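J.: Right, I'll just put the structure down here and ask away after.
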Amino acid sequence: MLKANQDYLKLPGSYLFSTVAKKQREYQEANPDRKVIRLSIGDVTQPIAPAIIKALHEAVDEMGTEEGFHGYAPDLGYEFLRNAVAENDYKARGCEVSPDEVFISDGAKGDCGNIQEIFDKDCRIAVCDPVYPVYVDTNVMAGRTGVYDEKSGVWSDVIYMPCTAENGFTPELPGQKPDIIYLCFPNNPTGASITKESLQKWVDYANENGAVIIYDAAYEAYISEAGLPHSIYECEGARNCAIEIHSFSKNAGFTGLRLGYTVIPRELKAGDTALHALWARRHGTKYNGAPYIVQKAGLAVYSDEGKAQLKEQIAYYMKNASDIREGLKAMGYEVYGGVNAPYIWLKTPGNLSSWDFFDRLLENAGVVGTPGSGFGPSGEHYFRLTAFGSRENTAEALKRIKEM
Ligand SMILES: Cc1ncc(COP(=O)(O)O)c(C=O)c1O
Numbered sequence: 002m003l004k005a006n007q008d009y010l011k012l013p014g015s016y017l018f019s020t021v022a023k024k025q026r027e028y029q030e031a032n033p034d035r036k037v038i039r040l041s042i043g044d045v046t047q048p049i050a051p052a053i054i055k056a057l058h059e060a061v062d063e064m065g066t067e068e069g070f071h072g073y074a075p076d077l078g079y080e081f082l083r084n085a086v087a088e089n090d091y092k093a094r095g096c097e098v099s100p101d102e103v104f105i106s107d108g109a110k111g112d113c114g115n116i117q118e119i120f121d122k123d124c125r126i127a128v129c130d131p132v133y134p135v136y137v138d139t140n141v142m143a144g145r146t147g148v149y150d151e152k153s154g155v156w157s158d159v160i161y162m163p164c165t166a167e168n169g170f171t172p173e174l175p176g177q178k179p180d181i182i183y184l185c186f187p188n189n190p191t192g193a194s195i196t197k198e199s200l201q202k203w204v205d206y207a208n209e210n211g212a213v214i215i216y217d218a219a220y221e222a223y224i225s226e227a228g229l230p231h232s233i234y235e236c237e238g239a240r241n242c243a244i245e246i247h248s249f250s251k252n253a254g255f256t257g258l259r260l261g262y263t264v265i266p267r268e269l270k271a272g273d274t275a276l277h278a279l280w281a282r283r284h285g286t287k288y289n290g291a292p293y294i295v296q297k298a299g300l301a302v303y304s305d306e307g308k309a310q311l312k313e314q315i316a317y318y319m320k321n322a323s324d325i326r327e328g329l330k331a332m333g334y335e336v337y338g339g340v341n342a343p344y345i346w347l348k349t350p351g352n353l354s355s356w357d358f359f360d361r362l363l364e365n366a367g368v369v370g371t372p373g374s375g376f377g378p379s380g381e382h383y384f385r386l387t388a389f390g391s392r393e394n395t396a397e398a399l400k401r402i403k404e405m
């Protein structure tokens, strides 16, 4: 009998962003003259940097010539880009990652979601709470998460690691033993960063317990404080227990161009099985490569010109982050994040629920943010604002919040 994948049917539905959009739409219809400001977006807004646009144009022109035409890309990605990644993101930081351990992809979301395929269905996952929903939902689709409890919003077979103000939004080592640990620093949604010392504890824990860490470094470029790890491979022993995932979306504005990569060290094993070989097999079977022109654009990210332009772009967003952070603090809000990440995580005033604060902000200020409870139970009574808006909108939003 034809039957849909029953694991997909367990997904509770994308309540968070659809409800945010619905409420925003209803407010706009009721208040057609009031401009709604969206500080809820996780998408960048600045145009692609000129050095990258130039590389794109050149690659497009090449594709129109006999000698410059490129068809299917190599499975792991073009060598020019893998070399640039290994050199700039790793060697320059004292990390040992070779170009053939870098798998180029069309972005971090796919890699974050697909990586679980190379692990057994019985593996137990541990996630931070609150969390970027992709890690959990893709394990739900794979039938690895057990039963969902609507009331508490938790899955029976997932180990949740609360990230709260008390622990500085970095999780404690779990009481139960996980096989796969998802970590993301700088963090979405809390904006928290992790010290090298804390990350080293996780690496040691994973090595001692035979677990693997999937380290999502999508926001690495936003680290502004010295001494914080940009890669998990800065920690000793990480090559034996960690997979690292990167995106070009937030450091270089590729949300629409699509480019990312995953690193799997050759010595990383699950039992006797080398995970590098499994991911290579998966990549070769299910994926035909990021476009040549986009990989060329990715190469420009590592050019001197590209680096200088992107530094400015990130500084632009981080000025918004600091304006939001300092502005809200001056108004008496309890605010976190916004120093090494483009996300500001605030405690709702008067212990309002995340959704009540969402309604209050929309109704009184015409500003849309994201309720923290949508990222997990420990996000309740918190609220996420992003620094990805324009300077003008960010300033206007702050002015309105102050007046409300
Ligand atoms: C933590 C985290 N990882 C991954 C992604 C996805 O990145 P990409 O655009 O490369 O798919 C996002 C996007 O918002 C994110 O917040």
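For what it's worth, my numbering labels the leading residue of the sequence shown as 2, then goes sequentially.
Quick reminder that beta carbons are idealized off the backbone N, C-alpha and C, glycines included.
Given the structure is predicted, the values throughout are model-derived calculations rather than measurements.
Check each candidate in Asn289, Lys178 and Ser232 and name the one with the smallest Cα separation from Gly211.
T.: Mapped onto the sequence shown, residue 211 falls at position 210. The residue with the shortest Cα to Cα distance from Gly211 is Lys178.
J.: What do you reckon, are the CB atoms on Ser199 and Leu229 nearer than 7 angstroms?
T.: Translated into positions along the sequence shown, residue 199 becomes position 198. Translated into positions along the sequence shown, residue 229 becomes position 228. The answer is no: Cβ separation not under 7 angstroms.
J.: Can you check which of these residues, Pro372, Asn394, Ile49 and Cys124, is closest to Tyr16 by C-alpha distance?
T.: Looking up residue 16 in the sequence shown gives position 15. Per the Cα distances, Pro372.
J.: May I ask you to list the residues that DSSP assigns as paired with Pro163?
T.: Here residue 163 refers to the residue found at position 162 of the sequence shown. DSSP, once it has assigned bridges, lists Asp130 as partnering Pro163.
J.: Return the chain-ordered ranges of every alpha helix (DSSP H) run that is complete within the segment 295 to 337 and spans a minimum of 4 residues.
T.: Entirely contained in the segment 295 to 337, the alpha helix (DSSP H) runs reaching 4 residues are, in chain order, 305 to 331.
J.: Give the range of the beta strand (DSSP E) segment to which Ile215 is assigned.
T.: Here residue 215 refers to the residue found at position 214 when the sequence shown is read from its first residue. From DSSP, the beta strand (DSSP E) with Ile215 extends over Val213 to Asp217.
J.: Per DSSP, which residues does Tyr383 bridge with? Please list them.
T.: Counting from 1 along the sequence shown, the entry for residue 383 is found at position 382. Note: Tyr383 sits in a beta bridge opposite Lys348.
J.: Considering only the beta carbon of each residue, do Ile246 and Asp205 sit closer than 7 angstroms?
T.: In the sequence shown, residue 246 corresponds to position 245, counting from 1. In the sequence shown, residue 205 corresponds to position 204, counting from 1. Not closer than 7 angstroms, so no.
J.: If you draw a straight line from the C-alpha of Glu306 to the C-alpha of Glu59, how long is it?
T.: Along the sequence shown, one-based indexing puts residue 306 at 305. Along the sequence shown, one-based indexing puts residue 59 at 58. Approximately 16 angstroms between the Cα atoms of the pair.
J.: Name the DSSP bridge partner or partners of Gly261?
T.: For the purposes of this step, residue 261 is taken as residue 260 along the sequence shown, with counting starting at 1. DSSP, once it has assigned bridges, lists Ser106 and Ser248 as partnering Gly261.
J.: Return the bridge partner residues of Arg361 from the DSSP annotation.
T.: Working through the sequence shown from its first residue, we reach residue 361 at position 360. Beta-bridge pairing links Arg361 to no other residue.
J.: In three-state DSSP terms, what is Thr1?
T.: Since the displayed the chain opens at 2 and closes at 405, residue 1 lies outside it and no answer follows.
J.: Within 10 angstroms of its Cβ, does Arg39 collect 16 or more other Cβ (buried), or is it exposed?
T.: Numbered from its first residue, the sequence shown carries residue 39 at position 38. Answer is buried; the Cβ neighbour count reaches 16.
J.: Are Gly114 and Thr146 close, meaning C-beta to C-beta below 7 angstroms?
T.: Reading the sequence shown from its first residue, position 113 is the one you call residue 114. Reading the sequence shown from its first residue, position 145 is the one you call residue 146. Going by C-beta atoms, Gly114 is not nearer than 7 angstroms to Thr146.
J.: Within 8 angstroms, do at least three Cβ pairs link the segment 124 to 133 to the segment 233 to 248?
T.: No, they do not touch.
J.: Assign Ile54 to one of two classes, buried (16 or more other C-beta atoms within 10 Å of its C-beta) or exposed (fewer than that).
T.: For the purposes of this step, residue 54 is identified with residue 53 of the sequence shown, where counting begins at 1. With fewer than 16 Cβ atoms within 10 Å of its Cβ, Ile54 is classed as exposed.
J.: Three or more C-beta pairs closer than 8 angstroms, one from the segment 286 to 303 and one from the segment 241 to 258: is that the case here?
T.: Taking 8 angstroms as the limit for Cβ pairs, the verdict is that the segment 241 to 258 does touch the segment 286 to 303.
J.: Is the number of C-beta pairs between the segment 265 to 283 and the segment 20 to 28 that are closer than 8 angstroms three or more?
T.: Touching, no, given that fewer than three Cβ pairs across the two stretches are closer than 8 angstroms.
J.: Between which two residues does the beta strand (DSSP E) harbouring Ile182 extend?
T.: Translated into the one-based positions of the sequence shown, residue 182 becomes position 181. Segment Ile181 to Cys185, the beta strand (DSSP E) holding Ile182.
J.: Check this for me: beta carbons of Arg83 and Val98, under 7 angstroms apart or not?
T.: As a first step, residue 83 must be located in the sequence shown, where it is residue number 82. As a first step, residue 98 must be located in the sequence shown, where it is residue number 97. Their beta carbons are not under 7 angstroms apart, which means Arg83 does not touch Val98 by this criterion.
J.: Does Thr274 pass the burial test, meaning 16 or more other C-beta atoms within 10 Å, or should it be called exposed?
T.: In the sequence shown, residue 274 corresponds to position 273, counting from 1. With fewer than 16 other Cβ atoms within 10 Å, it is exposed.
J.: So, helix, strand or coil for Asp123, using DSSP?
T.: Taking the sequence shown and counting its residues from 1, one reaches residue 123 at position 122. In the structure shown, Asp123 sits in coil (DSSP, three-state: anything other than H, G, I, E or B).
J.: Since Cys164 and Thr191 are thought to touch, with beta carbons under 8 angstroms apart, how far apart are those beta carbons, to the nearest angstrom?
T.: Mapped onto the sequence shown, residue 164 falls at position 163. Mapped onto the sequence shown, residue 191 falls at position 190. That belief holds up - the Cβ atoms of Cys164 and Thr191 are roughly 6 angstroms apart, short of 8 angstroms.
J.: Kindly list the residues whose CB is nearer than 7 angstroms to the CB of Tyr149, restricted to its own chain and excluding five residues on each side of it in sequence; keep chain order.
T.: By 1-based counting over the sequence shown, the position of residue 149 is 148. Same-chain partners within the cutoff: Lys11, Pro13 and Trp156.
J.: Might you give, ordered along the chain, the residues of its own chain that have their beta carbon closer than 8 angstroms to the beta carbon of Ser225, omitting 5 neighbours on each side?
T.: Taking the sequence shown and counting its residues from 1, the one referred to as residue 225 is at position 224. For Ser225, where only same-chain residues beyond five positions count, the Cβ hits under 8 angstroms are Met319, Val340 and Asn341.
J.: According to DSSP, is Ile233 helix, strand or coil?
T.: Here residue 233 is taken as the residue at index 232 of the sequence shown, counted from 1. In the structure shown, Ile233 sits in a helix (DSSP, three-state: H, G or I).
J.: Between the alpha carbons of Leu1 and Phe170, how many angstroms are there, rounded?
T.: This structure cannot settle anything about residue 1, because the visible part of the chain is limited to 2 through 405.
J.: Tell me, to the nearest whole angstrom, how far the beta carbon of Leu276 is from that of Ile119; I am working on the premise that it is less than 8 angstroms.
T.: Translated into the one-based positions of the sequence shown, residue 276 becomes position 275. Translated into the one-based positions of the sequence shown, residue 119 becomes position 118. Yes, Leu276 and Ile119 are in contact; Cβ-Cβ is about 6 angstroms, under 8 angstroms.
J.: As a quick exercise: from Asp44, Asn6, Gly111 and Arg282, pick the residue whose alpha carbon is nearest that of Leu386.
T.: The residue labelled residue 386 in the question sits at position 385 within the sequence shown. Nearest C-alpha to Leu386: Asp44.
J.: DSSP state of Thr139, grouped into three classes?
T.: Start at 1 with the first residue of the sequence shown, and residue 139 comes out as number 138. Looking at Thr139 - three-state DSSP - the assignment turns out to be helix.
J.: Alpha carbon to alpha carbon, how far is Ser323 from Glu364?
T.: Within the sequence shown, the letter at position 322 stands for residue 323. Within the sequence shown, the letter at position 363 stands for residue 364. About 25 angstroms.
J.: Ends of the alpha helix (DSSP H) at Arg240?
T.: Start at 1 with the first residue of the sequence shown, and residue 240 comes out as number 239. Where Arg240 is concerned, there is no enclosing alpha helix (DSSP H), given that its DSSP letter is neither H nor E.
J.: Over what stretch of residues does the alpha helix (DSSP H) that includes Gln201 continue unbroken?
T.: For the purposes of this step, residue 201 is taken as the residue at position 200 of the sequence shown. Per DSSP, Gln201 belongs to the alpha helix (DSSP H) from Lys197 to Asn210.
J.: Alpha carbon to alpha carbon, what distance is there between Lys403 and Met332?
T.: Indexing the sequence shown from 1 puts residue 332 at position 331. Indexing the sequence shown from 1 puts residue 403 at position 402. Roughly 7 angstroms between the two C-alpha positions.
J.: When DSSP labels each residue in this structure, what does Thr274 get in the three-state scheme?
T.: Translated into positions along the sequence shown, residue 274 becomes position 273. Looking at Thr274 - three-state DSSP - the assignment turns out to be strand.
J.: Where do the N-terminal and C-terminal ends of the alpha helix (DSSP H) with Asn84 fall, by residue?
T.: Residue numbering aside, residue 84 sits at position 83 when the sequence shown is read from its first letter. Asn84 -> alpha helix (DSSP H) spans Glu80 to Val86.
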